[in-house]
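**Student:**
In our numbering, the protein residues as written are 153 to 430.
#1: Would you call residue 335 buried or exposed, if buried means 16 or more other Cβ atoms sit within 10 Å of its Cβ?
#2: I'd like the list of long-range same chain contacts for residue 376, defined as Cβ closer than 6 angstroms, with 5 residues on each side in sequence excluded.
#3: Starting from residue 315 and walking both ways along the beta strand (DSSP E), at which residues does that stretch end?
#4: Along the chain, where does the beta strand (DSSP E) containing residue 163 start, and where does it finish?
#5: What whole-angstrom Cβ distance do residue 312 and residue 351 have, given they're in contact under 8 angstroms?
#6: Determine the closest residue to residue 297 out of 404, 319, 410, 289, with distance taken between C-alpha atoms.
#7: If we count Cβ pairs, one from each stretch, closer than 8 angstroms, do we get three or more for the segment 361–374 versus the segment 391–398?
#8: Thinking C-beta only, is residue 340 closer than 7 angstroms to residue 389?
#9: Run through the DSSP bridge pairs and tell me what residue 382 is partnered with.
#10: Following the continuous alpha helix (DSSP H) through residue 394, name the residue where it begins and the one where it ends.
#11: Helix, strand or coil, according to DSSP, for residue 203 in the structure here?
#12: What did DSSP end up calling residue 335 once you bin it into helix, strand or coil?
#13: Measuring only the C-alpha atoms, how far is residue 300 from residue 281?
#14: Measure the Cβ-Cβ separation of residue 156 and residue 168 and say whether it is below 7 angstroms.
#15: Spatial neighbours of residue 403 within its chain, please: C-beta separation below 7 angstroms, excluding the five flanking residues on both sides.
#16: Should residue 371 go down as buried or exposed, given a rule of 16 or more other Cβ atoms within 10 Å for buried?
#17: Using C-beta distances below 6 angstroms, list every residue in its chain close to residue 206, excluding the 5 sequence neighbours before and after it, in chain order.
#18: What residue ranges within the segment 336–364 form continuous beta strand (DSSP E) runs of no fewer than 3 residues, ordered along the chain?
#19: Thinking C-alpha only, which one of 162, 303, 304, 172 is nearest residue 204?
#20: Residue 198 to residue 187, Cα distance in whole Å?
#21: Thinking just about the alpha-carbon of each residue, which of 401, 165, 424, 391 is nearest to the one in residue 417?
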């Protein structure tokens with residue numbers, strides 16, 4: 153702390169800064185006496201201040217500068233870190249966008265490939281259907297039945313065959329025996345040669361048989377719903393297959409299968425999966 157006297161406050165500040173070896177901005181001053189010019193040169197007063205330096209020595213000034221530089225360095229490092237982090241995040245976002253772009257391309261390519269495969273399968277099925285239809289027409293042309301409609305469609309590994317004409321009823325036969333024989337013959341031919349299953353419809357005979365079985369199995373379904381298991385009576389030919397399909401549709405969570413009795417008769421059983429022999 154220094155007491156400094158000078159004609160003006162400005163000169164007092166300058167003098168104090170020189171004495172304390174610091175800048176005027178680093179001074180902490182208390183004005184003891186303000187300067188006065190007096191009257192006609194009489195009663196003139198000088199400026200008197202008591203001053204101290206906020207940084208009392210060059211060493212402390214260096215420490216202050218060093219501290220300021222340290223703070224500045226930390227700020228620069230923080231800015232640099234945030235900049236690098238932002239750059240990394242931006243790069244990651246760009247990578248995600250880029251990956252998403254290629255993922256969309258891959259999905260589009262997969263869809264195109266699936267469509268191409270589906271179109272190829274459709275072409276193959278259509279060609280196979282025409283081939284089977286021509287061969288079936290040729291075969292029936294050598295029979296004694298008047299059949300004028302033969303249509304074949306192939307879908308999902310199944311040949312859908314529709315036959316109709318003046319002698320359609322004769323082709324079905326009494327109780328569907330000829331229908332069963334023709335179905336068995338067509339299945340062995342198409343499954344062996346083309347690995348196809350068949351669904352044969354002759355003058356809506358299959359539709360009528362499906363409706364008949366649907367009415368027949370209603371009590372069977374009620375019995376299964378009540379007791380948890382059941383079975384049909386003995387069924388012949390296509391009827392057992394129709395009953396099997398309809399009962400599996402009615403009970404997808406149960407064991408539904410065709411069983412053969414001691415005398416070779418076939419029937420459908422329904423029970424739980426863990427009790428197949430019940």
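For each residue, glycine too, the CB sits at the ideal point set by N, CA and C. Note that the structure is a prediction, hence the values are computed from the model and not measured.
**Tutor:** Judging by the given coordinates:
#1: Buried, since its Cβ has 16 or more Cβ neighbours within 10 Å.
#2: 382, 422
#3: 310–316
#4: Premise fails: residue 163 lies in the alpha helix (DSSP H), 161–172, not in any beta strand (DSSP E).
#5: 5 angstroms
#6: 319
#7: yes
#8: Taking 7 angstroms as the Cβ cut-off, residue 389 and residue 340 do not qualify as a contacting pair.
#9: 422
#10: 389–402
#11: strand
#12: helix
#13: 17 angstroms
#14: yes
#15: 376, 422
#16: exposed
#17: Contacts found: 178, 180.
#18: 349–354
#19: 172
#20: 5 angstroms
#21: Closest by alpha carbon: 391.
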